[in-house]
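Number of protein chains: 2
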Amino acid sequence: MSDLMSLMIPQGFRFAAATAGLKASGRPDFAVIVADETASAAALYTANRVCAAPLVVDREHMAATGGRVRVVAINAGNANCATGQVGIDAAKRVCQAAAERFGCRAEEVFPCSTGIIGVPLDAEKLVRALGTIEVRLGVEDFHAAAQAILTTDTVEKTAFVRVMIDGAEVRIAGLCKGSGMIHPQLVPPALPHATMLAYVMTDAAVEPAALQAMLNAAAERSFNRISVDGDTSTNDTVLVLASGASGVTVTAANMEFQAALEQVMVSLARQIVADGEGVSHVVELQIEGAATEADAVRVAKAIAHSPLVKTAWAGSDPNWGRLMAAIGYSGAAVEPERVEIDFGQLAICRHGGRAAEMDVAAAHAYLKQAEFTVTVRLGVGTARCTFWTTDLTAEYVRINADYST
Amino acid sequence: MSDLMSLMIPQGFRFAAATAGLKASGRPDFAVIVADETASAAALYTANRVCAAPLVVDREHMAATGGRVRVVAINAGNANCATGQVGIDAAKRVCQAAAERFGCRAEEVFPCSTGIIGVPLDAEKLVRALGTIEVRLGVEDFHAAAQAILTTDTVEKTAFVRVMIDGAEVRIAGLCKGSGMIHPQLVPPALPHATMLAYVMTDAAVEPAALQAMLNAAAERSFNRISVDGDTSTNDTVLVLASGASGVTVTAANMEFQAALEQVMVSLARQIVADGEGVSHVVELQIEGAATEADAVRVAKAIAHSPLVKTAWAGSDPNWGRLMAAIGYSGAAVEPERVEIDFGQLAICRHGGRAAEMDVAAAHAYLKQAEFTVTVRLGVGTARCTFWTTDLTAEYVRINADYST
Chain A
1 MSDLMSLMIP QGFRFAAATA GLKASGRPDF AVIVADETAS AAALYTANRV
51 CAAPLVVDRE HMAATGGRVR VVAINAGNAN CATGQVGIDA AKRVCQAAAE
101 RFGCRAEEVF PCSTGIIGVP LDAEKLVRAL GTIEVRLGVE DFHAAAQAIL
151 TTDTVEKTAF VRVMIDGAEV RIAGLCKGSG MIHPQLVPPA LPHATMLAYV
201 MTDAAVEPAA LQAMLNAAAE RSFNRISVDG DTSTNDTVLV LASGASGVTV
251 TAANMEFQAA LEQVMVSLAR QIVADGEGVS HVVELQIEGA ATEADAVRVA
301 KAIAHSPLVK TAWAGSDPNW GRLMAAIGYS GAAVEPERVE IDFGQLAICR
351 HGGRAAEMDV AAAHAYLKQA EFTVTVRLGV GTARCTFWTT DLTAEYVRIN
401 ADYST
Chain B
1 MSDLMSLMIP QGFRFAAATA GLKASGRPDF AVIVADETAS AAALYTANRV
51 CAAPLVVDRE HMAATGGRVR VVAINAGNAN CATGQVGIDA AKRVCQAAAE
101 RFGCRAEEVF PCSTGIIGVP LDAEKLVRAL GTIEVRLGVE DFHAAAQAIL
151 TTDTVEKTAF VRVMIDGAEV RIAGLCKGSG MIHPQLVPPA LPHATMLAYV
201 MTDAAVEPAA LQAMLNAAAE RSFNRISVDG DTSTNDTVLV LASGASGVTV
251 TAANMEFQAA LEQVMVSLAR QIVADGEGVS HVVELQIEGA ATEADAVRVA
301 KAIAHSPLVK TAWAGSDPNW GRLMAAIGYS GAAVEPERVE IDFGQLAICR
351 HGGRAAEMDV AAAHAYLKQA EFTVTVRLGV GTARCTFWTT DLTAEYVRIN
401 ADYST
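From first to last, the protein sequence lines stand for chains A and B.
For the first sequence, position 273 (counting from the first letter as 1) is numbered 273 according to our numbering, and the numbering increases by one without interruption.
For the second sequence, position 109 (counting from the first letter as 1) is numbered 109 according to our numbering, and the numbering increases by one without interruption.
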């Protein structure tokens, strides 16, 4: 890692990765983040009612500590989900061993898993790898950790921001994984709630309650606004840790910090979409003129989950009638004759019908780009949202039809 | 048509097909059903708020006549949707011309369209074809009509039942089309509501209100229980016509007729799924032990719409973890540790975890069949449903990514 990069990593955290032997590929599959001192923590979990064992343990631990985390232990290659009490025991075994290794309470360990569902997790593989983890811990292994948590991802996903608060520098950095089964529906810990895994570290000092409030707001405009395939995972987790090592205290009212946190989370969320399974086109949806923000999100999700819209995008096909159908069944308040659709700056639909100036060849050329924007104006209100999604390709089918993933 | 087949067609109806020139392929694209005398009629339409022009006209006509239809005029190759007032005018032009040709009121004509959305319909092509239609009208053209309404369908879809009521024979026959954009959400005419088009004829005498009640009940267990791609069309329509030509009067309380009607509609619905775009596996979902029937349907739809589940089926992959994830995010009341899953007679999941007796090789072999059954027992109640769906293949993507369908 360059000296420049190390200046982007929040102070007070060390990272390591190891090969525990869970991935069939034999690649690194175990990442650990250790805070020098117990950090303030806030988390969001998947809304899926079938929820992996580590999430059960995480909620228990966060409740026990009031939002304090020392060690984050993340394995890929096995989701430890639908594994019953055996799965809970396995997650707790890893916590106990990590607590002993790093000198903290088991409740200060935050376990996470991603990979196949329904196969028992061999905790001893992770326990045995803790020795290697301890030796390797350092700031420079940030990227190694970001790589070890990947599954079907093709690239590591990280984001960094530095922000001046009260004349002093605060750093925020994030790492995450996610490519398929991406439609996070993150809810606060009180409810069960994505296999997107995301970790955001900051060296600001922030109390857990304030951190949670800022996480909730930022998640709503980032991870909760993306979808690759509409499948909400059993394991989705977002964790934010604040070490306080910068010496800068941040309160919930601090808009600079909130904006910087959201910037990191939006960057991570967009990286997940861009690396979505089999994706050949990344689409930014701008839904405007909705009666409510919830309606804007309904329209975005109906479009983002329509196989007919997504396959048209795969072929750069300007078949906007499929968009109209999805808008119509979204459940949002819609007056069809008011609907307008643009592809980038190109007028496609006006008054619910084909725009007089629609140029099919230009529309087709625009949709050939790797990234493009589709704007829908409903014309019934002033609410809006931005949402990021993908096309649906034959490659997606190949990736997921392989027996046995 | 064999003499035997002609004995299956309800009395009082004639059929014809012609090539109006709407399909690029040059194949027949216009089908007409004419009742010898004005028939009792009941209809259901798509719940999509973007709703094609013919459906607007159909509702208006059914309201004006109190549920009486003489002529059904169905074109393929153009959906006449998102076409504004021009689309309404085009549908009415066809009705007017058909009314003059067949000697009835324009309001007794029931127009239907299927094909591309957002392209103006050239009504004159249909009007010109009415002469050919009139010459060809007969019982024997039932199959020609069933073929003319097809779009991406690969086979014609028909069903026939004869039932004895009060010692006399009543015939029910249906024809339909549908392959993609299949997730009918049919609602009674009071609400806007699939591009599945289905037409059921009977020679029983049934009053429109009774016919509507029986149609509503039968649709809930047939067309509203299928999904190919989860996209609810702007044009879905189911129309039932009763000629009374058998001389047998049927009331709403007649369970034999209700059962026979449902049998025809379930047969047609299953044929649509079996001919779904790119489908290589047809899946019957049996959802049992739900708290409510609505919850059972929620679980079925979550499974039927999950790209990860559907691509696993394409690969005959017994990855039941994806089923658990879909069950979990369905919104139904679920207690994960009570969930049981069977593939056919094979135990896959017990107590929310892998069944001890699960045999991966046997499960893989079972899922290689062209048709198979997945049973989910939620264990939280006694409600249930049956639902028919498909896998998601690379061929589906190819069919729908072609620029420009």
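From the three backbone atoms N, C-alpha and C, an ideal C-beta is built for every residue, glycine too.
C-alpha distance - residue i paired with residue j, whole-angstrom precision
i, j, result
"A/Thr393", "B/Leu175", "33 angstroms"
"B/Glu156", "B/Val273", "13 angstroms"
"B/Met201", "B/Ala129", "23 angstroms"
"B/Val56", "A/Val334", "16 angstroms"
"B/Val139", "B/Gln147", "15 angstroms"
"B/Glu277", "A/Pro111", "42 angstroms"
"A/Pro336", "A/Glu124", "58 angstroms"
"B/Leu150", "A/Ala91", "55 angstroms"
"A/Arg162", "A/Ala260", "8 angstroms"
"B/Lys301", "A/Cys104", "45 angstroms"
"B/Met8", "B/Phe257", "15 angstroms"
"B/Pro192", "B/Ala43", "Residue placement at B/Pro192 is poorly supported in this model, since its pLDDT is 29, which falls under 50; the coordinates are not used for a value here."
"A/Pro184", "B/Leu268", "37 angstroms"
"B/Val374", "B/Ala47", "28 angstroms"
"B/Gly344", "B/Gly328", "22 angstroms"
"B/Phe160", "B/Ala173", "4 angstroms"
"A/Thr237", "A/Pro54", "10 angstroms"
"A/Asn319", "B/Arg49", "19 angstroms"
"A/Ala194", "B/Met214", "Only weak support exists for where A/Ala194 lies, its pLDDT of 35 falling under 50; the value from the coordinates is given anyway. Distance between the alpha carbons of A/Ala194 and B/Met214 is about 43 angstroms."
"B/Arg101", "A/Glu220", "59 angstroms"
"B/Ala73", "B/Val135", "15 angstroms"
"A/Gln407", "B/Gly331", "Residue numbering for chain A in the displayed model covers 1 to 405; residue 407 of chain A lies beyond these limits and cannot be assessed."
"A/Val380", "A/Ala362", "29 angstroms"
"B/Glu169", "B/Asn254", "14 angstroms"
"A/Ala314", "B/Val282", "25 angstroms"
As assigned by DSSP and simplified to three states, the class of residue i
i, result
"B/Ile172", "strand"
"A/Met214", "helix"
"B/Ala219", "helix"
"B/Gln11", "coil"
"A/His193", "Summary for A/His193: the model assigns pLDDT 30, below 50, so the residue's position carries little reliability; its value from the coordinates is reported in the next sentence. Reduced to three states, the DSSP call for A/His193 is coil."
"A/Ile182", "coil"
"B/Ile117", "coil"
"B/Thr405", "Note on B/Thr405: pLDDT 40, under 50, position unreliable in the model; the coordinate value appears next. Three-state result, B/Thr405: coil."
"A/Ile226", "strand"
"A/Val135", "helix"
"B/Leu392", "coil"
"A/Met265", "helix"
Own chain residues within Cβ distance below 7 angstroms of residue i, not counting five before or after
i, result
"A/Ala355", "Ala347, Ile348 and Cys349"
"A/Asp141", "Phe15, Ala16 and Ala17"
"B/Val309", "Ile303, Arg322, Leu323 and Ala326"
"B/Glu107", "His61, Ala64 and Thr65"
"B/Lys23", "Asp29, Ala76 and Gly77"
Per-residue contacts from residue i into chain A (C-beta, under 8 angstroms)
i, result
"B/Pro336", "Arg49, Val50, Cys51 and Ala82"
"B/Val397", "Thr311, Ala314, Leu392, Thr393, Ala394, Tyr396 and Val397"
Residues of its chain near residue i, where Cβ-Cβ distance is below 6 angstroms and the 5 sequence neighbours each way are ignored
i, result
"A/His305", "Gly230"
"B/Gly244", "Ala205"
"A/Ser222", "Met265, Val266 and Ala269"
"A/His364", "Ser316 and Pro318"
Per-residue contacts from residue i into chain A (C-beta, under 7 angstroms)
i, result
"B/Ser306", "Asp231"
"B/Ala97", "Going along chain A, no residue has its Cβ under 7 angstroms from B/Ala97, so there is no contact; the nearest lies around 24 angstroms."
Contacts around residue i, its chain only, beta-carbon distance under 8 angstroms, and the 5 residues preceding and following it disregarded
i, result
"A/Arg384", "Gln286, Ile287, Glu288, Gly289, Ala290, Glu293 and Ala296"
"A/Ala210", "Val250, Thr251 and Ala252"
"B/Gln11", "Arg171, Asp203, Ser243, Ala245 and Ser246"
Residues that residue i contacts on chain B, provided the C-beta gap is smaller than 7 angstroms
i, result
"A/Ile226", "Residues of chain B passing the Cβ test: none, with the nearest at roughly 15 angstroms."
Closer than 8 angstroms at the beta carbon, the chain B residues around residue i
i, result
"A/His351", "Gly84"
"A/Ala106", "Neighbours of A/Ala106 on chain B: none; closest Cβ ~24 angstroms, over 8 angstroms."
Listed by chain order, chain A residues near residue i by CB distance under 9 angstroms
i, result
"B/Tyr329", "Thr46, Ala47, Asn48, Arg49, Val50, His183, Gln185, Asp231, Thr232, Ser233 and Thr234"
"B/Trp320", "Ala82, Ile117 and Gly118"
Residues that residue i contacts on chain B, provided the C-beta gap is smaller than 9 angstroms
i, result
"A/Arg171", "The premise fails here: A/Arg171 is roughly 35 angstroms from chain B at the closest Cβ pair, so nothing lies under 9 angstroms."
"A/Gly180", "Pro307 and Leu308"
Q. Which residues, in order along the stretch 340-371 of chain A, keep a beta-carbon less than 8 angstroms from a beta-carbon of chain B?
A. Cys349, His351, Gly352, Gly353, Arg354, Val360 and His364
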